[in-house]
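One structure is given here, and the rest of the page talks about it.
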Amino acid sequence: MQSIMVLAAENGIQIYGDIAITMGNAYLINENNAEVMVDKTFVFRRCQDGLLHLCVHKSALSYTPAVK
(Lines of atoms letter the chains of each structure in order from A and count residues from 1; the text may use other names and numbers.)
(Lines give C-alpha, C1' and ligand atoms only; values in the text may rest on other atoms or scores of the structure.)
Protein backbone atom coordinates (compact mmCIF):
# COMPACT_ATOMS: atom_id res chain seq x y z
CA MET A 1 0.00 0.00 0.00
CA GLN A 2 1.44 3.36 -1.01
CA SER A 3 0.03 6.23 1.05
CA ILE A 4 -0.30 9.54 -0.72
CA MET A 5 -1.84 11.93 1.82
CA VAL A 6 -1.99 12.45 5.60
CA LEU A 7 -5.39 13.73 6.73
CA ALA A 8 -4.78 14.26 10.43
CA ALA A 9 -2.96 12.90 13.43
CA GLU A 10 -3.99 12.35 17.06
CA ASN A 11 -1.05 12.24 19.43
CA GLY A 12 -0.18 12.13 23.10
CA ILE A 13 3.27 13.03 24.45
CA GLN A 14 4.86 11.84 27.68
CA ILE A 15 8.21 13.24 28.85
CA TYR A 16 10.44 11.48 31.40
CA GLY A 17 13.68 13.40 31.91
CA ASP A 18 15.68 13.05 28.67
CA ILE A 19 13.13 10.65 27.09
CA ALA A 20 10.01 11.72 25.16
CA ILE A 21 7.38 9.24 23.94
CA THR A 22 4.70 10.15 21.43
CA MET A 23 1.90 7.75 20.53
CA GLY A 24 -1.14 8.22 18.35
CA ASN A 25 -2.89 7.62 15.07
CA ALA A 26 -2.30 9.02 11.61
CA TYR A 27 -5.07 8.91 9.03
CA LEU A 28 -3.87 8.36 5.47
CA ILE A 29 -5.46 8.21 2.04
CA ASN A 30 -4.07 5.34 -0.03
CA GLU A 31 -3.81 4.93 -3.80
CA ASN A 32 -7.40 3.59 -3.91
CA ASN A 33 -8.72 6.76 -2.20
CA ALA A 34 -9.54 4.76 0.96
CA GLU A 35 -8.85 6.13 4.44
CA VAL A 36 -6.42 4.02 6.49
CA MET A 37 -5.62 4.52 10.19
CA VAL A 38 -2.03 3.78 11.25
CA ASP A 39 -0.93 3.46 14.90
CA LYS A 40 2.34 5.35 15.43
CA THR A 41 4.87 5.35 18.28
CA PHE A 42 8.09 7.35 18.46
CA VAL A 43 10.64 7.52 21.30
CA PHE A 44 13.23 10.32 21.36
CA ARG A 45 16.20 10.84 23.67
CA ARG A 46 18.16 14.03 24.31
CA CYS A 47 21.76 12.84 24.15
CA GLN A 48 24.99 14.33 25.48
CA ASP A 49 25.35 16.39 22.29
CA GLY A 50 22.11 18.21 23.29
CA LEU A 51 20.20 16.97 20.24
CA LEU A 52 17.10 14.79 20.16
CA HIS A 53 17.73 11.39 18.62
CA LEU A 54 15.06 8.94 17.48
CA CYS A 55 15.47 5.72 19.47
CA VAL A 56 12.31 3.78 18.53
CA HIS A 57 9.73 4.00 15.76
CA LYS A 58 6.75 1.67 15.36
CA SER A 59 3.94 1.86 12.82
CA ALA A 60 1.15 -0.67 12.60
CA LEU A 61 -2.18 -1.11 10.89
CA SER A 62 -5.08 -1.80 13.22
CA TYR A 63 -6.08 -5.43 13.60
CA THR A 64 -9.08 -6.41 11.50
CA PRO A 65 -10.37 -9.91 12.22
CA ALA A 66 -11.30 -12.12 9.29
CA VAL A 67 -15.01 -12.38 8.55
CA LYS A 68 -16.30 -15.94 8.99
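Under my numbering, read the sequence shown as residues 111 to 178, first letter to last.
Idealized CB from N, CA, C, for every residue including glycine.
Here the structure is a predicted model, which is why all the values come from computation and not from measurement.
- Take Gln158 as the anchor and find which of Ile123, Asn121, Cys165, Asp128 has the nearest alpha-carbon. To locate residue 158, count along the sequence shown from 1; it is residue 48. The option with the nearest alpha carbon to Gln158 is Asp128.
- Three-state secondary structure assigned by DSSP to Lys150: For the purposes of this step, residue 150 is identified with residue 40 of the sequence shown, where counting begins at 1. Of the three classes helix, strand and coil, the one that applies to Lys150 here is strand, per DSSP.
- Query: Is Thr132 helix, strand or coil by DSSP?
  - Reply: Along the sequence shown, read from residue 1 onward, the residue named residue 132 stands at position 22. Reduced to three states, the DSSP call for Thr132 is strand.
- Thr174 to Val146, Cα distance in whole Å? Position 64 of the sequence shown holds residue 174. Position 36 of the sequence shown holds residue 146. Across the structure, Thr174 and Val146 are spaced so that their CA atoms are roughly 12 Å apart.
- If you drop the 5 nearest sequence neighbours on each side, which residues of the same chain put their C-beta closer than 6 Å to that of Phe152? Position 42 of the sequence shown, counted from the start, is the residue given in the question as residue 152. These residues qualify, in order along the chain: Thr132, His167.
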